[in-house]
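K.L.:
Protein chains: 2
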Amino acid sequence: MSDAVDIAKDRNGRKRALAPCLSPCPIERGMRIIGGKWKGSILWHLKDGPVRFNDLARQLGGASKKMVSQRLREMEEVGLVKREVVNMRPIAVAYNITPFGQTALKFLNELRAWSENHNL
Amino acid sequence: MSDAVDIAKDRNGRKRALAPCLSPCPIERGMRIIGGKWKGSILWHLKDGPVRFNDLARQLGGASKKMVSQRLREMEEVGLVKREVVNMRPIAVAYNITPFGQTALKFLNELRAWSENHNL
DNA sequence: TCAACCAGTATCTTTTTTGTAACCTTCCAC
DNA sequence: GTGGAAGGTTACAAAAAAGATACTGGTTGA
Numbered sequence: 001m002s003d004a005v006d007i008a009k010d011r012n013g014r015k016r017a018l019a020p021c022l023s024p025c026p027i028e029r030g031m032r033i034i035g036g037k038w039k040g041s042i043l044w045h046l047k048d049g050p051v052r053f054n055d056l057a058r059q060l061g062g063a064s065k066k067m068v069s070q071r072l073r074e075m076e077e078v079g080l081v082k083r084e085v086v087n088m089r090p091i092a093v094a095y096n097i098t099p100f101g102q103t104a105l106k107f108l109n110e111l112r113a114w115s116e117n118h119n120l
Numbered sequence: 001m002s003d004a005v006d007i008a009k010d011r012n013g014r015k016r017a018l019a020p021c022l023s024p025c026p027i028e029r030g031m032r033i034i035g036g037k038w039k040g041s042i043l044w045h046l047k048d049g050p051v052r053f054n055d056l057a058r059q060l061g062g063a064s065k066k067m068v069s070q071r072l073r074e075m076e077e078v079g080l081v082k083r084e085v086v087n088m089r090p091i092a093v094a095y096n097i098t099p100f101g102q103t104a105l106k107f108l109n110e111l112r113a114w115s116e117n118h119n120l
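In order, the protein sequences belong to chains L and W. 1 is the number of the first residue of the first sequence in our numbering; add one for each residue after it. 1 is the number of the first residue of the second sequence in our numbering; add one for each residue after it.
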């Protein structure tokens, strides 16, 4: 019988993983940054240029303003998007994708293609 | 002032999105398949060959057996993995990645590289 | 003046997800 | 015959996420 993975027995005979994935293995870490509900979509909508808050909320048909605002703040904190006050009095705000955010577009596009090609 | 996105006014003067993303736009759909907690990691761990249930649970240091079993069933339902009884009496089960599951590895690998390259 | 827009907040409730712990059955070794 | 392994399941509690609704306060156009 072969164990494909790194499992060994300690000196008491109990099995143990040699290299357990303590939660933040790269895949999980990435998912936590970009995997939250709506985050991917938001970033995707910003890819062609700045978008205003309410426009964004309208486009993301199923998401409430609260959701959008919450996600945007999280994404701003990690530097994926940038909030920019375009105009005081009438207040106008635009959200931009940052260069770092751009680096995520590559695999978001993979994800998009994957979903589309497998009719999910 | 330019609206980068497809927003128009209806006959009552109210703004509306022309093509709102009702929740299942491809990115969101994909995220719901592969984006759940641990799902990516599980699939990743299966990429090199079949893994036994308890070994998997041990490897995913932070996940309980319940989580692992739950995720595995969800992933089996959509055809990402396959459960295989290797041996009755002593019962032995192995989880395999399916050809469909393989198609997701490309994206997962991009994600992994992204996380690692941006020290997240 | 009234209504709508801008960019959000605040509050509350509901739903979903996660975690903990115990338990089950069969088998083998001591 | 006790304890561990195997592969789970179940019940319960806690925590996190999401949704609904209302509201702010200033601005603009009819």
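Just so it is clear, CB atoms sit at the ideal spot from N, CA and C, and this is done for glycine as well.
According to DSSP, is L/Val-81 part of a helix, a strand, or is it coil?
P.N.:
Numbered from 1 along the first sequence, position 81 holds the residue referred to as residue 81 of chain L. Of the three classes helix, strand and coil, the one that applies to L/Val-81 here is strand, per DSSP.
K.L.:
Which residue spans inside the segment 42-115 of chain L form an unbroken beta strand (DSSP E) run of at least 3?
P.N.:
Runs found: 81-87 and 92-97.
K.L.:
Where does W/Glu-28 land, buried or exposed, given buried means 16+ other C-beta within 10 angstroms?
P.N.:
Mapped onto the second sequence, residue 28 of chain W falls at position 28. By the 10 Å Cβ count, W/Glu-28 comes out buried.
K.L.:
Determine the direct distance from the alpha carbon of W/Ala-92 to that of L/Trp-44, and round the result to whole angstroms.
P.N.:
To locate residue 44 of chain L, count along the first sequence from 1; it is residue 44. To locate residue 92 of chain W, count along the second sequence from 1; it is residue 92. Between L/Trp-44 and W/Ala-92, the C-alpha separation is close to 44 Å.
K.L.:
Nearest to L/Met-31 by alpha carbon, out of L/Met-75, L/Asn-54 and L/Asn-119?
P.N.:
Residue mapping note: residue 31 of chain L aligns to position 31 of the first sequence, counting from 1. For L/Met-31, the nearest C-alpha among the options comes from L/Met-75.
K.L.:
Between the alpha carbons of W/Arg-58 and W/Trp-38, how many angstroms are there, rounded?
P.N.:
Against the second sequence, residue 58 of chain W aligns to sequence position 58. Against the second sequence, residue 38 of chain W aligns to sequence position 38. Cα-Cα distance, rounded: 13 Å.
K.L.:
Pop quiz: L/Leu-60 and L/Tyr-95 are said to be a contact at Cβ under 8 Å. What is the actual Cβ separation, rounded to whole angstroms?
P.N.:
For the purposes of this step, residue 60 of chain L is identified with residue 60 of the first sequence, where counting begins at 1. For the purposes of this step, residue 95 of chain L is identified with residue 95 of the first sequence, where counting begins at 1. Contact doesn't hold; Cβ gap of about 12 Å is too wide.
K.L.:
Under the rule that 16 or more other beta-carbon atoms within 10 Å means buried, what is L/Phe-100, buried or exposed?
P.N.:
Counting from one through the first sequence, the residue named residue 100 of chain L turns up at place 100. It counts as exposed.
K.L.:
Applying the criterion that 16 or more other CB atoms from any shown protein chain within 10 Å of the CB defines a buried residue, is W/Val-51 buried or exposed?
P.N.:
Within the second sequence, the letter at position 51 stands for residue 51 of chain W. Counting Cβ neighbours within 10 Å, W/Val-51 comes out buried, since at least 16 surround it.
K.L.:
Cβ closer than 7 Å: which chain W residues qualify as neighbours of L/Leu-108?
P.N.:
Stepping through the first sequence from its first residue, residue 108 of chain L is reached at position 108. Going along chain W in sequence order, the residues near L/Leu-108 (Cβ under 7 Å) are Ile-27.
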